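Residue numbers (UniProt numbering): 1 to 332. Only one structure is covered here, and it is reproduced in the block below.
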Amino acid sequence: MQKLLVTGGAGFIGSNFVHYALANTDAAITVLDKLTYAGNIASLQGLPEDRFTFVKGDICDAELVNTLVGSADVVVHYAAESHNDNSLHDPRPFLDTNIIGTYTLIEAARRHGTRFHHISTDEVYGDLELDDPERFTEKTPYNPSSPYSSTKAGSDLLVRAWVRSFGLQATISNCSNNYGPYQHVEKFIPRQITNVIDGIRPKLYGAGENVRDWIHANDHSSAVLRIIEKGEIGQTYLIGADGEKNNKDVVELILKHMGQPADAYDQVIDRPGHDMRYAIDSTRLRSELGWEPQFSNFDQGIEDTIRWYRDNEAWWRPQKAETEAKYKVQGQ
Ligand code: NAD
Ligand code: TDX
Numbered sequence: 001m002q003k004l005l006v007t008g009g010a011g012f013i014g015s016n017f018v019h020y021a022l023a024n025t026d027a028a029i030t031v032l033d034k035l036t037y038a039g040n041i042a043s044l045q046g047l048p049e050d051r052f053t054f055v056k057g058d059i060c061d062a063e064l065v066n067t068l069v070g071s072a073d074v075v076v077h078y079a080a081e082s083h084n085d086n087s088l089h090d091p092r093p094f095l096d097t098n099i100i101g102t103y104t105l106i107e108a109a110r111r112h113g114t115r116f117h118h119i120s121t122d123e124v125y126g127d128l129e130l131d132d133p134e135r136f137t138e139k140t141p142y143n144p145s146s147p148y149s150s151t152k153a154g155s156d157l158l159v160r161a162w163v164r165s166f167g168l169q170a171t172i173s174n175c176s177n178n179y180g181p182y183q184h185v186e187k188f189i190p191r192q193i194t195n196v197i198d199g200i201r202p203k204l205y206g207a208g209e210n211v212r213d214w215i216h217a218n219d220h221s222s223a224v225l226r227i228i229e230k231g232e233i234g235q236t237y238l239i240g241a242d243g244e245k246n247n248k249d250v251v252e253l254i255l256k257h258m259g260q261p262a263d264a265y266d267q268v269i270d271r272p273g274h275d276m277r278y279a280i281d282s283t284r285l286r287s288e289l290g291w292e293p294q295f296s297n298f299d300q301g302i303e304d305t306i307r308w309y310r311d312n313e314a315w316w317r318p319q320k321a322e323t324e325a326k327y328k329v330q331g332q
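In structure tokens form, the structure reads like this:
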């Protein structure tokens, strides 16, 4: 039985990964999570006690990280400050967690010779024009736009340098926008679903032409497990499921499934530096590691996600008012 150390496992994608990996492998999992505003211990309820341990702590805490990495077979590193809008108002925590936190983990991993998988984002590549026929590949030059994406880019480059200079046993994956259960209500899809539940009109930044390449969190998890199992050390794999949609279409789909008129949304102040389009070419992952996404029906995925937020109000309700108050100050 492999011992996995999952950082950020109380967050959106990390918690989905923990559920998925416990259900689909015989791994034992330790989660290391600081439980920032984005972490929610309720996302990890009901897991098998003999295979799951939770440790509250900071990935910048070198002593704690050294102990935990030393007793793991594989580190799967999700912990990050993850929200672009927050990074535009207070970048400092992004530098601490995304840069120093990643540095602290890879130093421990190289000391112990522990296999390391670094979770990253397609945002490190900047953005594409709407009519650009190209999509991001593993060879696309880095060109991040926001404090969030630039710190993720920095963390990727640290991992690459540690592979080359110190022989760190690492792989990297850059995934597109995830959706599914357990996502914080600050993010686009859960914000709009919970707004409609509360009788508030969805808020679209600008004209809503910006395109995101949506993938279900379970497909992200299956890809990460495949890379841990079969990926080549030192390589980067892009994860995507051909899910390009513009924000206006996503809002209209949510409104349709929630029984509202298609135009029952507000246009609000655009995000400064707002990336226009992300699009992933995941050919390498599919052809070299034989991975395929399972959740290709976005319409169905959105319906299921709406049902999850309707059925799990106790999970998101404590964050809702504070999150909306923050957006209100920003005119969003
Ligand atoms: P999230 O904000 O929902 O969760 C982040 C988790 O990390 C939280 O549980 C938080 O408590 C924890 N954390 C933050 N700082 C920490 C610290 N210093 N020490 C320990 N734990 C800390 O984020 P998410 O959306 O689940 O993203 C997870 C990872 O996936 C990030 O690395 C992100 O860059 C990457 N990613 C996200 C997406 C997406 O669509 N959300 C897409 C591609 C890649
Ligand atoms: O209320 C909103 N209205 C709106 O139009 C919000 C919150 C967002 N948007 C737009 C901005 C983006 O074009 O929706 C799109 C998605 O926004 P976010 O959910 O904030 O995601 P994004 O900025 O694309 O980044 C996400 O995907 C890549 C994650 O938050 C990152 O962690 C990941 O790296």
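No residue lacks a Cβ here, since even glycine has one placed at the ideal position from N, Cα and C. Note that the structure is a prediction, hence the values are computed from the model and not measured.
Open item on the list: Quick check on residue 205: does DSSP put it in helix, strand or coil?
Closed with: Numbered from its first residue, the sequence shown carries residue 205 at position 205. Three-state DSSP puts residue 205 in a strand.
Open item on the list: I'd like to confirm something about residue 82: is its beta-carbon nearer than 7 Å to some heavy atom of the ligand NAD, or not?
Closed with: Reading the sequence shown from its first residue, position 82 is the one you call residue 82. Indeed, a heavy atom of the ligand NAD lies less than 7 Å from the Cβ.
TODO: May I ask which residues mark the beginning and end of the alpha helix (DSSP H) holding residue 230?
DONE: Position 230 of the sequence shown, counted from the first residue, corresponds to residue 230. Taken as a continuous stretch (DSSP letters only), the alpha helix (DSSP H) holding residue 230 covers 217-230.
Open item on the list: Given this structure, state the Cα-to-Cα distance separating residue 127 from residue 61, to the nearest angstrom.
Closed with: Position 127 of the sequence shown, counted from the start, is the residue given in the question as residue 127. Position 61 of the sequence shown, counted from the start, is the residue given in the question as residue 61. Their Cα atoms are separated by approximately 34 Å.
Task: Paired residues, beta bridge with residue 333 - DSSP - done: A question about residue 333 goes unanswered here, because the residues of the chain that appear run from 1 up to 332.
Open item on the list: Let me make sure I understand the geometry here. Which of 102, 204, 160 has the alpha-carbon closest to that of residue 66?
Closed with: Here the question's residue 66 lines up with position 66 in the sequence shown. When each option's Cα is compared against that of residue 66, the closest is 102.
Open item on the list: Along the chain, where does the beta strand (DSSP E) containing residue 367 start, and where does it finish?
Closed with: The first residue shown for the chain is 1 and the last is 332, placing residue 367 beyond what the model contains.
Task: Alpha-carbon to alpha-carbon, residue 330 and residue 189 - done: Looking up residue 189 in the sequence shown gives position 189. Looking up residue 330 in the sequence shown gives position 330. For residue 189 and residue 330, the distance between alpha carbons rounds to 19 Å.
TODO: Answer yes or no: does any C-beta atom of chain D fall closer than 8 Å to that of residue 90?
DONE: Any reference to chain D falls outside this structure, which holds one protein chain only.
Task: heavy atom of the ligand NAD below 7 Å from residue 88 C-beta - done: Your numbering for residue 88 matches position 88 in the sequence shown. The answer is no for residue 88.
- [ ] Please work out which residues of its chain come closer than 8 Å, Cβ to Cβ, to residue 256, disregarding the five sequence neighbours upstream and downstream, and give them in chain order.
- [x] The residue given as residue 256 occupies position 256 in the sequence shown. Cβ within range, chain order: 262.
- [ ] Specify the secondary structure class of residue 237 as computed by DSSP and reduced to three states.
- [x] Numbered from 1 along the sequence shown, position 237 holds the residue referred to as residue 237. Residue state, collapsed to three classes: strand.
Open item on the list: Measuring straight from C-alpha to C-alpha, what distance separates residue 305 and residue 44?
Closed with: The sequence position of residue 305 within the sequence shown is 305, counting from 1. The sequence position of residue 44 within the sequence shown is 44, counting from 1. One C-alpha to the other measures close to 18 Å.
Open item on the list: Pop quiz: residue 76 and residue 117 are said to be a contact at Cβ under 8 Å. What is the actual Cβ separation, rounded to whole angstroms?
Closed with: By one-based count along the sequence shown, residue 76 stands at place 76. By one-based count along the sequence shown, residue 117 stands at place 117. Confirmed, about 5 Å.
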